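Read through the structure below, which is laid out as C-alpha cells, and then see the notes.
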Amino acid sequence: MKISVVGSGYVGLVTGTCFAETGVTVTCVDIDKKKIDELKNGIIPIYEPGLDDMVKRNVEKERLHFTTNLKDSLVGAEVVFIAVGTPPDEDGSADLKYVTGVAREVGANMDHYMVVVTKSTVPVGTSHKVKKAIQDELTKRNVNIPFDVASNPEFLKEGNAIEDFLKPDRIVCGIDSEQAKIFLEKLYKPFVLNGHPILFMDIASSELTKYAANAMLATKISFMNDIASLCELIGADVNWVRKGIGSDSRIGNKFIYPGAGYGGSCFPKDVKALIKTSDENGHSLEILKAVEDVNDRQKEVLFKKLMKHFNGNLKGKKIALWGLSFKPNTDDMREAPSIVIINHLIKAGATVRVYDPVAMEESIRRIGNIVEYAKDAYDATTGADALILVTEWAEFRILNFSMLGKLMRNKVVIDGRNIYDPIEMKENGYKYYSIGKNPLD
Ligand code: NAD
Numbered sequence: 003m004k005i006s007v008v009g010s011g012y013v014g015l016v017t018g019t020c021f022a023e024t025g026v027t028v029t030c031v032d033i034d035k036k037k038i039d040e041l042k043n044g045i046i047p048i049y050e051p052g053l054d055d056m057v058k059r060n061v062e063k064e065r066l067h068f069t070t071n072l073k074d075s076l077v078g079a080e081v082v083f084i085a086v087g088t089p090p091d092e093d094g095s096a097d098l099k100y101v102t103g104v105a106r107e108v109g110a111n112m113d114h115y116m117v118v119v120t121k122s123t124v125p126v127g128t129s130h131k132v133k134k135a136i137q138d139e140l141t142k143r144n145v146n147i148p149f150d151v152a153s154n155p156e157f158l159k160e161g162n163a164i165e166d167f168l169k170p171d172r173i174v175c176g177i178d179s180e181q182a183k184i185f186l187e188k189l190y191k192p193f194v195l196n197g198h199p200i201l202f203m204d205i206a207s208s209e210l211t212k213y214a215a216n217a218m219l220a221t222k223i224s225f226m227n228d229i230a231s232l233c234e235l236i237g238a239d240v241n242w243v244r245k246g247i248g249s250d251s252r253i254g255n256k257f258i259y260p261g262a263g264y265g266g267s268c269f270p271k272d273v274k275a276l277i278k279t280s281d282e283n284g285h286s287l288e289i290l291k292a293v294e295d296v297n298d299r300q301k302e303v304l305f306k307k308l309m310k311h312f313n314g315n316l317k318g319k320k321i322a323l324w325g326l327s328f329k330p331n332t333d334d335m336r337e338a339p340s341i342v343i344i345n346h347l348i349k350a351g352a353t354v355r356v357y358d359p360v361a362m363e364e365s366i367r368r369i370g371n372i373v374e375y376a377k378d379a380y381d382a383t384t385g386a387d388a389l390i391l392v393t394e395w396a397e398f399r400i401l402n403f404s405m406l407g408k409l410m411r412n413k414v415v416i417d418g419r420n421i422y423d424p425i426e427m428k429e430n431g432y433k434y435y436s437i438g439k440n441p442l443d
C-alpha cells in the first residue's frame, strides 16, 4: 500500500513514520524545504522520544520518503492524509487555509481514485470544504476522477506520540463511503491488534469528537486548578483532595493534577475553536468559556506567588526558571506557561536565567535573548533570589540540596507542579511555595 502524508510536523511525521513501520510505503510532504532537507539528511526537526530511530529504520528500508513536491507524493498513492497546522485565526476559529490549500493542490494534481483523509484538528464541516476544494479543481481541469474524503482526528500526545500512535485507545474515523472504510480499516488493522476499537462514524461526529475530547481534558485541568486556588484560601491541601476524588472510578486520577495552566499547540486553540463553532451555531458553551478564563488566571499564579513573597518588588531580582516546554518530553513551547511567566518577570524588572533539557533552541527561536540561557539546571540557579519550576522534567525531580544551597542567593522555591516535599524543603531551609497548599511557616 502507498500513502502520502501532507504536513510533516508533530502529527504528520509521527503518522507517516508509524504507518511505514507496518510496511506501508509513505511519502511525507512539507512546504518547509529546510525541514524536508533535514529529514532527508537524517535530522529530525522536532524532539519526540523514539522518533529518530524509527525514521532512520524506515528510510533505510526505503518505506519512508520525504519531499516538498505534493504532486510526486500522489503517484500511486491510495490514501492522502492532510496533517497540516490549523492555528487559531484572530477571532479564535480554526484557520483552515493550510487544509483547504492542500485539498486544492490534491485536486489539481491527482490522476486516479484516492481517499483524502483530514487528520488535522478541524471544525465540523471542514471535510465538506475539503471535498468541494478538490472537486472545484477537478472541474477546472475538466476531468472526472472519483475520490472520497474522510475524517480521522489524531489523539497522540507530544512526548509519547509513538506509543500513542502504535497503541491507540481508539481510532476515530468519520466516513461516508464504503471504500474509505475499507482503506482505513486496512491501514489501521496493525494498530488495533490489542483489541482497542476503530470507531467508524459519520464525518461530523468524528470532527467534533476531537474537539470534545480536548475540551473535556482542558476542563478537568481548569477545574482542578480552580479547586487548588480555593484550597489555599481555606487551608486545605489539593494533593489530598486530588487523591480523594481521583480514587473514585467515575472521576479517575488522570488530568487532575493542578499546575501552571495548560498550554501547547492543542488545548488552547481547540477550546477556543469549539467555543467559536458553538457561538456560531447559537449556543454558548459557558463551561468552556470559564475553562479558558481559569486557565489564563492560572498561568499568572506562579508569578503572583513570587511577587507576594518579595512584597510586590522584583526589581533587580535574579530568578532561575526550570522548564520552558509546555510539558515534559517535548520541545514544543506553543502557548507555554513559561512564556507568560518570563514576560511578567521581565516587565517587573527581574532578570531570568532559564534551563530546559530540550527546549533551549526553541526558546531562542521564540523569545530570543530576553532571558539568559544556562548550561544546566544548577547553572541557572547561580546567584538566584528564587527558583521557579514550571515544567516537571524528570531530571528536576530530585533536588541536589547541597549544590543548590551553595548556588542560590536566597532559598526560595516556587514549585508549579507540586513535585517537591514541603517538609524536606523546610528542613533544608527553603521557603517553599506550591500550588493548592499553603506554605509551611
Ligand atoms: P506542526 O505545525 O508541527 O506541523 C504542520 C506542518 O504542516 C508544518 O511542518 C508546515 O510546514 C506544514 N504545512 C503547512 N502547509 C503545508 C502545505 N500546503 N503543504 C505541505 N505542508 C504544509 O503541526 P502539528 O502539531 O503536527 O499539528 C497538525 C494538526 O494536527 C493540527 O491541526 C493539530 O491541531 C493537530 N493535532 C496536533 C497534535 C499535537 O500534539 N501536536 C495532536 C493531535 C492533533
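The numbering used here applies: residue 3 is where the sequence shown begins, and numbers increase by one.
Ideal placement from N, C-alpha and C gives every residue a C-beta, glycine not left out.
Only a predicted model underlies this, so the values are computations on that prediction, with no experimental measurement involved.
Per DSSP, the continuous beta strand (DSSP E) segment holding residue 4 begins and ends at 4-8. For a cut-off of 8 Å, the C-beta gap from residue 416 to residue 307 is around 5 Å, short enough to register as a contact. Shown here, residue 153 sits in a strand according to DSSP, grouped into three states.
Our two residues, residue 347 and residue 354, have alpha carbons roughly 7 Å apart in a direct line.
Following the DSSP letters along the chain, one finds residue 204 in no beta strand (DSSP E), marked with neither H nor E. In the structure shown, residue 268 falls within a coil segment according to DSSP collapsed to helix, strand and coil. Our two residues, residue 442 and residue 238, have alpha carbons roughly 13 Å apart in a direct line. The C-alpha of residue 294 lies about 33 Å from the C-alpha of residue 52. Cβ contact annotation for residue 215 (same chain, cutoff 7 Å, sequence separation greater than five): 157, in chain order. Taking every protein chain shown into account, the CB of residue 49 has 16 or more other CB atoms within 10 angstroms, so this residue is buried. Contact between residue 437 and residue 390 fails: their C-beta atoms lie close to 12 Å from each other, not under 8 Å.
Taking a 10 Å sphere around the C-beta of residue 324, we find 16 or more other C-beta atoms and assign the residue as buried. Under the DSSP definition of a beta bridge, residue 374 partners with 355. The alpha helix (DSSP H) runs lying completely inside the region 83-137 and spanning 4 residues or more are 99-111, given in chain order. The residue from 71, 131 and 107 with its alpha-carbon nearest to that of residue 97 is 131.
Contact check for residue 161 against residue 332 passes: the beta carbons are separated by less than 7 Å. Residue 177 has its Cβ no nearer than 6 Å to any heavy atom of the ligand NAD.
With three or more CB-CB distances shorter than 8 Å, the region 22-42 counts as touching the region 65-73.
Remark: the shortest separation between the CB of residue 88 and any heavy atom of the ligand NAD falls under 6 Å. Residue 213 and residue 168 have their C-alpha atoms spaced approximately 22 Å apart.
Beta-bridge partners of residue 390 (DSSP): 323 and 416.
The Cβ atoms of residue 263 and residue 222 do not sit closer than 7 Å to each other. Taken in chain order, the complete alpha helix (DSSP H) segments of 4 residues or longer contained in the region 14-94 are 35-42, 53-62 and 72-76. If you look at residue 173, you'll find it in the beta strand (DSSP E) that goes 173-177.
Per DSSP, residue 191 has no beta bridge partner at all. Closer than 6 Å to some heavy atom of the ligand NAD: that describes the Cβ of residue 104.
The C-beta distance from residue 335 to residue 361 rounds to 6 Å, short enough to fall under 8 Å.
Of the residues assessed, residue 329 falls on the buried side of the cut-off, its CB having 16 or more other CB atoms within 10 angstroms.
Contact between the region 97-108 and the region 117-135 is established, with three or more Cβ pairs separated by less than 8 Å. DSSP, reduced to helix, strand and coil, places residue 259 outside both helices and strands of the structure shown, so it counts as coil.
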